[in-house]
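Following: one structure in structure tokens, then a few remarks.
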Amino acid sequence: MSETSTLAETAQKSLADFIPADAIAAIDVCVAKYPADRKRSAIMSGLMIAQEHNNNYLPEELMDAVAEYLEISHIAAYEVATFYTMYNLEPVGEHVINVCTNISCMLRGSKEIVETLTKRLNVKLGETTEDNKITLREVECQGACAGAPMCEIDKTFHENLTPEKIESIVDGILSKQARSNKGEA
Ligand code: FES
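Numbering-wise (our numbering), the sequence shown opens with residue 959 and increments by one.
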């Protein structure tokens, strides 16, 4: 067995300590989209898939395992993960609300949206509710300025927000959660 294949097997074993085989297979699908000597091109997808299979959280050890699996340096994975806010480098709640406070959203009322959310959830920006249901974060421009003010919740954009609209969205999330906790549809 060649040294390269041994290293690849070791890296796979390390990644398998964190995420299931079907998640590793999904990373392999991403890797296959690029030339064989460009595995690193799959780093964004690899980190996202890993995060999704680890309670939406990317600890350093998991980033290392993805980096090794893609045969790149640990620091190369950290550079990507720390640049984009979609990667969660700290544990988060079951739902994540990312409120854009960049210029267009700020001019269109993001301050009121943040105030409504911090009051409704009883958390500050960057915090998670006591019951671990919702993490509230502030993010930079999400490229949806035409719909400012906006936020992203669990990968869905909510645009043209008003305090009433965001309150109703949060109420919807919490009541859906309460129903599912009770085993209702
Ligand atoms: S400034 Fe908020 S989406 Fe662009």
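Here a beta-carbon is modelled for each residue, glycine too, at the ideal position from N, C-alpha and C.
Practice item. Please indicate yes or no: does the CB of alanine 984 lie closer than 8 Å to some heavy atom of the ligand FES? Key: In the sequence shown, counting from the first residue as 1, residue 984 sits at position 26. The answer is no for alanine 984.
Check your understanding: Are asparagine 1046 and glutamate 1110 closer than 9 Å when you measure CB to CB?
Key -> One-based indexing of the sequence shown puts residue 1046 at position 88. One-based indexing of the sequence shown puts residue 1110 at position 152. With respect to glutamate 1110, asparagine 1046 sits apart: the two C-beta atoms are not nearer than 9 Å.
Review point. Would you report the Cα separation of tyrosine 917 and serine 1003, rounded to the nearest angstrom?
Key: Because residue 917 is not part of the residues shown, which for the chain are 959 to 1143, the question remains open.
Review point. Quick one, which of Ile1071, Ala990, Glu1029, Glu1048 has its alpha-carbon nearest proline 1107's?
Key: On the sequence shown, position 149 is the one that residue 1107 refers to. When only C-alpha atoms are compared, the closest one is Ile1071.
Practice item. Give the DSSP bridge partners of isoleucine 1055, in chain order. Key: Taking the sequence shown and counting its residues from 1, one reaches residue 1055 at position 97. DSSP lists Leu1094, Ile1111 as partners of isoleucine 1055.
Point to revise | Coarse secondary structure for threonine 1040, derived from DSSP in three states | key: By one-based count along the sequence shown, residue 1040 stands at place 82. Collapsing the DSSP output to three states places threonine 1040 in a helix.
Practice item. Measure how close the beta-carbons of histidine 1011 and proline 978 come, nearest whole angstrom, since I'm counting them as under 8 Å. Key: Locating residue 1011 in the sequence shown gives position 53, counting from the first residue. Locating residue 978 in the sequence shown gives position 20, counting from the first residue. Contact holds; Cβ gap of about 6 Å.
Point to revise | Cβ-Cβ separation, asparagine 1090 to glycine 1105 (assumed contact under 8 Å), whole Å | key: Counting from 1 along the sequence shown, the entry for residue 1105 is found at position 147. Counting from 1 along the sequence shown, the entry for residue 1090 is found at position 132. Between asparagine 1090 and glycine 1105 the Cβ distance is about 29 Å, and since that is not below 8 Å, they are no contact.
**Study point:** Proximity to valine 987 [Cα-Cα], best of Pro1121, Ile1001, Gly1101
**Key:** Numbered from its first residue, the sequence shown carries residue 987 at position 29. Closest option to valine 987, Cα to Cα, is Ile1001.
Point to revise | Cβ shell of threonine 1074 (< 7 Å), same chain only, five flanking positions each side left out | key: Here the question's residue 1074 lines up with position 116 in the sequence shown. If we look at threonine 1074 and ignore the five residues flanking it on each side, its Cβ neighbours are Pro1121, Ile1124, Glu1125.
Review point. So, glutamate 1085 versus threonine 1043, is the Cβ gap smaller than 9 Å?
Key: Within the sequence shown, numbered from 1, the residue matching residue 1085 stands at position 127. Within the sequence shown, numbered from 1, the residue matching residue 1043 stands at position 85. Cβ atoms of glutamate 1085 and threonine 1043: not closer than 9 Å.
Check your understanding: Is glycine 1141 buried or exposed, if buried means 16 or more other CB atoms sit within 10 Å of its CB?
Key -> As a position in the sequence shown, residue 1141 is number 183, starting the count at 1. Classification of glycine 1141: exposed, given that the 10 Å Cβ count is below 16.
Review point. Rounded C-beta distance between valine 989 and alanine 1008? I'm assuming under 8 Å.
Key: Here residue 989 refers to the residue found at position 31 of the sequence shown. Here residue 1008 refers to the residue found at position 50 of the sequence shown. Approximately 13 Å separates the beta-carbon atoms of valine 989 and alanine 1008; this is outside 8 Å, ruling out the contact.
Review point. Any heavy atom of the ligand FES closer than 8 Å to the CB of methionine 1044?
Key: As a working note, residue 1044 is residue 86 in the sequence shown. Short note on methionine 1044: C-beta not closer than 8 Å to any heavy atom of the ligand FES.
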